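**Student:** Following this message is one structure expressed as structure tokens.
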Amino acid sequence: MLETQASVYTEPLSFRIIFRVLGSMRLAVHLLLFVAIASIIGTILPQQEVYTDYLHQFGTFWFTVFGNLDLYDVYRCGWYMGIVAFLIISTTVCVFRNAPSMLREMRHVKSNPSDSFLQSRPEQFESFSSKSDTESTQSATATLGDFGYQARVLKTSAGDSVIFAQKGRFYRTGYLLTHVGIILFCVGALYNANLPLKWAEWTGTVHPEKNFDLPLSKIPQSSWLSASSSAFRGIITIPVGQTVNAMFELVGDGFLVQHLPFMLRLDAFKVTHYSNGLAKDFVSTISLYHHDGKKFKTGIVRVNHPMSVDGVQIYQSSYSDSASKLHLHNYLLSAPALPPAAISTSVGEHLKTFGSQYAISITDFKTQNVIPRKAVGRSSGPDHGMINMGPTVSYLVNNDRDHTRIILKSYMKAFSRHGEAYRLIGFREDGSSAYHYLTIPQGPEDGIRLFMTYLGDLEQAARNGENASKAVFISNLKKAEAQTQVFLTPHERDDFLQSSLKAMQELRAYPLPFLSVFHDYDLHWSAGLEITRYPGMKVIYVACFALVFGIFILFYVPRRRIWIQMSEDDDKGRRIKLFGDSSRNEEDFHRDMEELNDKLQEKL
Amino acid sequence: MSTESSEIRHLLTFGGMRAEGRLAAQLWAAFLTIGAFLVWYLFRADFWMWQFIVLGLWYVGLMWFGIRWPAFRILFLSVIGIAAIGVGLYQLGYTAANNVLLYYVLQSNAMFYWMSGAILISAIGYYRYLFSGNQSAGDWGHRFAWITVALGFAGLAIRWQQTYIGHPSWGHIPVTNMYDAMVLLCTTTALFYLYYEGQGKNRGLGAFAMPMILIADIFLVWVGVAYHQNQIQPVIPALQSFWIKLHVPCEFVAYANFYLAAMVGVAYLLRERAERTGSALVRRLPDLNKLERIMGSMVMFGFLFFTAGTILGAVWAAKAWGGFWSWDPKETWALIVWLNYAAYLHMRSNKSFGQYNKGRKLAWWAAISLVTVTFCFIGVDLFLGGLHSYAKL
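This is how it looks when you write it as structure tokens:
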């Protein structure tokens, strides 16, 4: 007993079993499915959102339960990474178990195997030939050549001839490339994931900041990452003309600040549009500076066209309005003929008017408004059903006295219908969904000055006791024309009278004592740039190539081996035995072998 | 390595082919070579590395398909022929508004309606063949399946031209919304069905493939009518990329094969039942072993293209979104589909477990995977959104 144990080293049983189970196909199938099912969670539950949103959605109890299960960032959490790691370990063990024998098999071709090996091949045919040894080997070699095989003639120890031919000798590289590819891929992904940082977060040396309102200078040093981090992916919003040297990385419900290896200035930002007003391209022009202030690169960053600098990639990610100046003209409805007050404001600003009875908050500004043509009563065009309504400003008016909230949307460009130009102002009460519109005729010149003056003159005339007759309308309009120096042709005047009647009717439903018309704007953009450094990308690309190439070999390059044994047989001449096997697609191979056998019988 | 060089020589000289087949194959090779050379000559100034690689891949792919499958050559030439007429008319300045031929036949939307008709007839034909054994119905199903493929691909080619009409800056490959995607799915699936039909020399499976395509086609018509997706719109900046021309076709070849595999899975289960009950279906479907092999080869082909397509998508994402992989719902579902079929293929190739009733297990698995694939393809866009949500309705 002791002697046998001493002479042969065997692994402990338990270790061998673990090794076998880990590398088994059964485990692989179950793990693959398990990872697949676990992955579903993160697609159902939106990932990495603001934590208070989750709290609202699930309530305190489930919010805590889901939080403890790491469901808000499931793909980076411990248990998910654990299953994936297990899958990779299993794959690695599988490769270690199979690779040596596969490599051996590819190196040592079984050109002249034992009889028992041949007898166990799936394809076997037998025939007899009367031809001589050399003649039959020659024609067999030629026949194999016709089938695309290069044959080798060997002699057995008994002096018989064996012809061996094979295709796809390196078919096992399919298995090796796919599985090594997967392992490599994960190595590359781990390298990109910046493990030292994950470790530092876990041990608490790096501490994500939770207060998103802090200015950069107030953020504690424990939330800063050095520019020498091996990998990072973050985002920064820069107003045009400003320079930054850091960006933000979201981590859980907080963020970290990543120092950039350079300073970045946004020189310009531009949005281009298609003819129908939809966005066509977003282009940032940026300059990069060394920390000593020396500029070393200028270039543009567009969607799908990132800039690459020393392994750092800069992407166009988003854009936003950054305090563009909006110029409004404010008319008083109680005294419409007064020249309007010019207001300059920007999104996010708050104004007070009418002795601070009304608080105005500018909520949104858009340079383009593409809506279906049908929505504005136009038939849809031959190629596209959209129309661009031009720039708009949206604002909210809060009446402090009766606490009503009115939401308004003012269009800068005139909208033309039946050859007449109108200004649109939409309004709705907070809570109702549909806008009511004021459609104010603007006459041949931009703006609603003429209409407002005309309105003032009419009111004046009414106070003077004049009756509402067509003659009065016309004379007052003519008066307004003279006052504003905007003159209408008789035909235009008719149209104007008609549409101004309609506009006055619409004004009755208008709940505010003032009317703000969007006059003009000065654009100020900021661009959101995403900046990444992924040192593992080369490994990942190599792994991907190995994977695809490996799958191709695995599926479409079978190994097919053919042996032809020829031996003397006294009764019937020479006995020809044909053996073959294929690593894949045995049925096709069987058909080929039958054909080959027929050909051989013809020739031999 | 000497064995390998003899294999290549065998391939290049079309060894193992009958004489008349060899001549046609050589003509095909010459045609493709001249075509590829012309493309290279005309566009070489605009091309960069990847476009040359893609040209090479198309050359090899078409060559392989054409040599292995003679009928494909005729299809390819008919598609070019039909598309050339449509594109030519547009080039000459005609539009659907002033040309009757364009209006009723050759504008892409009309082509897709004709294609829908062909799909319907084909599905009925195959269905009648399977359940009543009417041979001529099967033949008509087969013919109309070819018409489907020819109209679909020619229609897409014409639609590509149409995106430039009126506003040259809009031009893009028509695979950018759900409508275009469904057309591509219908035609690609029909094409691959015909390929497998040719390989297996059996029409019974058409009764499974074509009705499924018909369902996709009904969805396509509905999306076009109800959401006006048949109108051509310009594409958003994120989609203006060269990679879309690689990523999307690869994924659709994969989807087509996965869908067909699911249908063969259903056929397998039906045939198994028919064997127990002694129904006449047995005579019109391939035997179980063959069905299992067809199903397996569909999954393999799909898996190869799905892997390649997903990686190409990730490479594109690395260019457009700043990350190779962002765990966007579509990406995650692609991973789920990939893992699912990886598990399937492991199970299939293994000879040590799950042997009892393996064919039936695999058939059920392939059939159920239809749900996973469909969710990845359409469900994510409809229900989950995320970065891929341009295909949204």
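In order, the protein sequence lines correspond to chains H and W. Residue numbering for the first sequence follows the UniProt record's numbering, beginning at 1 and increasing consecutively. Residue numbering for the second sequence follows the UniProt record's numbering, beginning at 1 and increasing consecutively. The beta carbon of each residue, even a glycine, is placed where N, CA and C say it ideally should be. Computed from a prediction, not measured in an experiment: that's the story for all the values here.
1) Is W:I213 closer than 8 Å to W:I119 when the C-beta atoms are compared?
2) Does the CB of W:L222 have a neighbour CB from chain H at under 8 Å?
3) Cβ of H:V557 within 8 Å of Cβ of H:Y149?
4) Look at the Cβ atom of H:S273, then the Cβ atom of H:Q368, and state whether they are nearer than 8 Å.
5) Three Cβ pairs or more, each shorter than 8 Å: is that satisfied between the segment 300-314 of chain H and the segment 417-427 of chain H?
6) Give the straight-line distance between the Cα atoms of W:T3 and H:K167, rounded to the nearest whole angstrom.
7) Suppose the cutoff is 8 Å on Cβ atoms and the five residues either side in sequence are ignored; what does the same chain contact list for W:V337 look like?
8) May I ask which residues mark the beginning and end of the beta strand (DSSP E) holding H:G573?
9) H:F552 touches chain W at which residues, Cβ-Cβ below 7 Å?
10) Report yes if the CB atom of residue 664 of chain H is closer than 8 Å to the CB atom of H:P441, and no otherwise.
11) Closer than 7 Å by beta-carbon distance: list the chain H residues that pair up with W:K319, in chain order.
12) Does the beta carbon of W:P237 come closer than 8 Å to any beta carbon on chain H?
13) Does the structure place the segment 199-210 of chain H close enough to the segment 593-604 of chain H that three or more beta carbon pairs sit under 8 Å?
14) Run through the DSSP bridge pairs and tell me what H:H350 is partnered with.
15) If I measure Cβ to Cβ from W:R293 and keep anything under 6 Å in the same chain, skipping five residues before and after, which residues do I get?
16) Compare the C-beta of W:F353 against all C-beta atoms of chain H and say whether one is closer than 8 Å.
17) So H:S39 contacts chain W; which residues on that side make the cut at Cβ distance below 7 Å?
18) Going by beta carbon distance, what residues of the same chain come within less than 8 Å of H:G174, once the five residues before and after it are set aside?
19) Take the Cβ of H:P382 as the centre, count every other Cβ of all protein chains shown within 10 Å, and call the residue buried at 16 or more, exposed below.
20) Going by DSSP, name the residue or residues bridged to H:F117.
21) Considering only the beta carbon of each residue, do W:V248 and W:M182 sit closer than 8 Å?
22) Going by beta carbon distance, what residues of the same chain come within less than 7 Å of H:W224, once the five residues before and after it are set aside?
23) With DSSP as the reference, identify every bridge partner of W:I378, one or two as the case may be.
24) With 8 Å as the limit, tell me which residues of the segment 261-286 of chain H have their beta carbon closer than that to any beta carbon of chain W; keep them in chain order.
25) Based on the DSSP output, what are the partners of H:W525 in its beta bridges?
26) Once the 5 residues before and after W:W140 are set aside, which same chain residues still bring their CB inside 8 Å of it?
27) Any C-beta of chain W sitting closer than 8 Å to the C-beta of H:Q565?
28) At the level of alpha carbons, what is the spacing between W:I173 and W:G81?
29) Would you please verify whether the beta carbon of W:M111 is less than 8 Å from any beta carbon of chain H?
30) Please identify the residue among H:N245, H:S222 and H:L351 whose C-alpha is closest to the C-alpha of H:T205.
31) Verify the CB distance criterion: does H:C544 have a CB-CB separation below 8 Å to chain W?
32) Out of curiosity, what's the CA-to-CA distance linking H:E506 and H:H329?
33) Quick check: the Cα distance between W:Y179 and W:Q231, rounded to an integer number of angstroms?
34) Establish whether the CB of H:F15 and some CB of chain W are separated by less than 8 Å.
35) In whole angstroms, give me the CA-to-CA distance for W:E272 and W:E197.
36) Could you check the C-alpha separation between W:L382 and W:K330 for me, to the nearest Å?
**Tutor:** Let me lay it out:
1) yes
2) It is worth fixing the name first, because residue 222 of chain W is Trp in this sequence and not Leu. No, because no Cβ of chain H sits closer than 8 Å to the Cβ of W:W222.
3) no
4) For the sequence presented, residue 273 of chain H should be read as His rather than Ser. Going by C-beta atoms, H:H273 is nearer than 8 Å to H:Q368.
5) no
6) Confidence in W:T3 is poor, its pLDDT being 46 and thus under 50, which makes the residue's placement too unreliable to answer from.
7) F258, F306, S369, T372, V373 and C376
8) G573 to S582
9) L304
10) There is no way to answer for residue 664 of chain H, as the model of chain H reaches only from 1 to 604.
11) N304 and P306
12) yes
13) no
14) H:S361
15) none
16) yes
17) T332, L335 and I336
18) G550, I551, F552, I553, L554, F555 and V557
19) With a pLDDT of only 48 at H:P382, under the threshold of 50, the placement of this residue in the model should not be trusted; the figure read from the coordinates follows. Burial call: exposed.
20) Note: H:F117 sits in no beta bridge, so no partner.
21) no
22) V257 and H259
23) Bridge partners of W:I378: none, in fact.
24) Y274, S275, N276, L278, A279, K280, D281 and F282
25) H:D321
26) I121, S122 and G125
27) no
28) 19 Å
29) no
30) H:S222
31) yes
32) 20 Å
33) 9 Å
34) no
35) 20 Å
36) 11 Å
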